[in-house]
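**Q** Pasting a structure here, questions to come.
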Amino acid sequence: MQRNELQNKVLSKISKKTLETLNDEINKKKLPLWGLAKDQNFENDCLLIALYHDLFGVGYHKIESEVLSFLKISAKSIRHNTKIIRQSIQDWCDAQIVLGSCSDWNQAAQMLGKTEKKIEINLWINSSDFKKTQPENASKKSDEYSYKEDHFANRFTCFSDANGRIRKLYGAYSPKVEDSAFMTLMKDEIETSMEGAVMLGDCGYESVVSKFRKINIVTPKSKQKDGRGIRKLTQKQKARNKLLKSIRSRVECPLGDIKLTWKSLSSCFTEDDTQHSYVVKMAVAIRNFQIKE
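Going by this note's numbering, the sequence shown opens with residue 45, and the numbers climb by one from there.
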């Protein structure tokens with residue numbers, strides 16, 4: 045594979061402006077990158093390789109053989125450089141994930157149609173488990189095991205606006221922590237930082253709706269047992285659930301979309317939790333940056 049072919053592969057997943065911006069970020073710093081033959085393209089090549097690895101889920105040894113025509117570098121050096129580059133752009137990533145204010149979320153929510161605005165939603169809550177390599181001696185009883193993925197994983201929660209822009213990202217944490225428990229644990233911080241928010245979540249958040257005063261959490265109504273032990277909803281509840289489903293469908297699940305784009309995150313991540321968090325945050329930041337373009 046030639047350098048231009050590698051670049052075109054990366055540009056099939058992210059925009060040219062994103063790549064140029066990331067190039068500028070790493071060129072500002074003197075990164076401790078490994079390599080014997082470093083020409084003027086070396087840092088940019090290492091960025092392309094790091095993005096290629098994370099976007100396409102290609103192994104380091106395979107990359108070593110694929111880039112041999114323009115860069116002689118070992119798999120060990122590629123792994124090292126990829127870790128350094130991920131870490132080096134975390135400040136840039138943080139700058140792309142901006143919580144904003146209630147007025148910002150409301151402005152984004154204006155894109156929703158009149159039918160959907162019968163319920164005024166300005167933030168969407170989603171959590172997702174990202175698979176990782178099984179820790180040594182860990183079993184399904186481990187806090188790191190996800191029943192949702194039937195695999196060891198890290199869980200992340202995001203709050204996004206109507207444009208699909210992720211305003212806040214939490215994680216990584218144990219997939220054993222249910223959504224309602226997470227909201228309870230983070231109650232004070234969320235109420236303080238997101239006052240005025242009207243958040244739409246799934247039934248996993250239903251039990252904490254009454255615990256919050258400064259924000260409003262809206263969820264579908266789960267089926268309750270009647271006197272005969274049969275779970276059922278009233279027609280009014282069914283209609284409301286249908287409306288909420290329509291509102292949720294207007295804003296795609298951003299973490300699910302990220303998994304589709306970043307193959308290293310949809311498959312089993314084989315590096316440590318710190319690197320896992322770096323890649324998730326990088327994927328979120330690039331998504332947000334491209335929404336702003």
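Each residue gets a CB set at the ideal place from its N, CA and C atoms; glycine is no exception.
(1) Going by DSSP in three states, Asn170 sits in which element: helix, strand or coil?
(2) Taking contact to mean 3 or more Cβ pairs, one atom from each stretch, closer than 8 Å, check whether the segment 66-79 and the segment 88-100 are in contact.
(3) Does the Cβ-Cβ distance between Thr236 and Lys255 come in under 8 Å?
(4) Could you tell me which residues DSSP puts in a beta bridge with His195?
(5) Among residues of its own chain, excluding the 5 on either side of Asp317, which ones have a beta-carbon nearer than 8 Å to its beta-carbon?
(6) What residue does the alpha helix (DSSP H) around Tyr96 start on, and which one ends it?
(7) Closer than 6 Å by C-beta to Ile302: which residues in its own chain qualify, once you throw out the five before and the five after it? Chain order, please.
(8) Which runs of the alpha helix (DSSP H) fall wholly inside the segment 120-147 and span at least 4 residues, in chain order?
(9) Thinking C-beta only, is Val142 closer than 8 Å to Leu92?
(10) Return the CA-CA distance between Ile259 and Ser311, expressed in angstroms with no decimal places.
(11) Does the Cβ of Asp83 have 16 or more other Cβ atoms within 10 Å, making it buried, or fewer, making it exposed?
(12) Do you know offhand how far Asn67's Cα is from Ala94's?
(13) At which residue ranges does the segment 231-305 contain complete beta strand (DSSP E) runs of 3 or more residues, listed in the order of the chain?
(14) I think Leu288 touches Leu244, with their Cβ atoms under 8 Å apart; what is that distance to the nearest whole Å?
(15) Considering only the alpha carbon of each residue, which of Glu110, Gly79, Thr62, Lys61 lies closest to Glu49?
(16) When the Cα of Glu164 is compared with those of Trp149, Gln178, Trp306, which residue comes out closest?
(17) Does Ile165 come out as helix, strand or coil in the three-state DSSP assignment?
(18) Under the rule that 16 or more other beta-carbon atoms within 10 Å means buried, what is Asn332, buried or exposed?
(19) Does the beta carbon of Leu304 fall short of 7 Å from some heavy atom of the ligand MN?
(20) Name, in chain order, the residues that DSSP records as bridge partners for Ser59.
**A** Looking at the atomic coordinates:
(1) Residue state, collapsed to three classes: strand.
(2) With a cut-off of 8 Å, the segment 88-100 and the segment 66-79 count as touching, because enough Cβ pairs lie within range.
(3) In this structure, Lys255 does not lie closer than 8 Å to Thr236 by Cβ.
(4) Paired residue(s): Ser190.
(5) Excluding residues within five positions, the ones whose Cβ falls inside 8 Å are Lys176, Asn198, Ala216.
(6) Looking at the DSSP string, the run of the alpha helix (DSSP H) that includes Tyr96 is 86-100.
(7) Ala327.
(8) Taken in chain order, the complete alpha helix (DSSP H) segments of 4 residues or longer contained in the segment 120-147 are 134-140.
(9) Taking 8 Å as the cut-off, the Cβ atoms of Leu92 and Val142 do not count as close.
(10) If I take the Cα positions, the gap works out to 35 Å.
(11) By the neighbour-count rule (16 or more Cβ atoms within 10 Å), Asp83 is not buried but exposed.
(12) Cα-Cα distance, rounded: 12 Å.
(13) For the segment 231-305, whole beta strand (DSSP E) runs of length 3 or above, ordered along the chain, are 242-244, 260-262.
(14) Contact holds; Cβ gap of about 7 Å.
(15) Ranking Glu110, Gly79, Thr62, Lys61 by Cα distance to Glu49 puts Glu110 first.
(16) Of the candidates Trp149, Gln178, Trp306, the one whose C-alpha sits nearest the C-alpha of Glu164 is Trp149.
(17) In the structure shown, Ile165 falls within a coil segment according to DSSP collapsed to helix, strand and coil.
(18) Counting other Cβ atoms within 10 Å of its Cβ, Asn332 reaches 16 or more and is therefore classed as buried.
(19) You won't find the ligand MN in this model; it holds no ligand whatsoever.
(20) In the DSSP assignment, no residue is bridged to Ser59.
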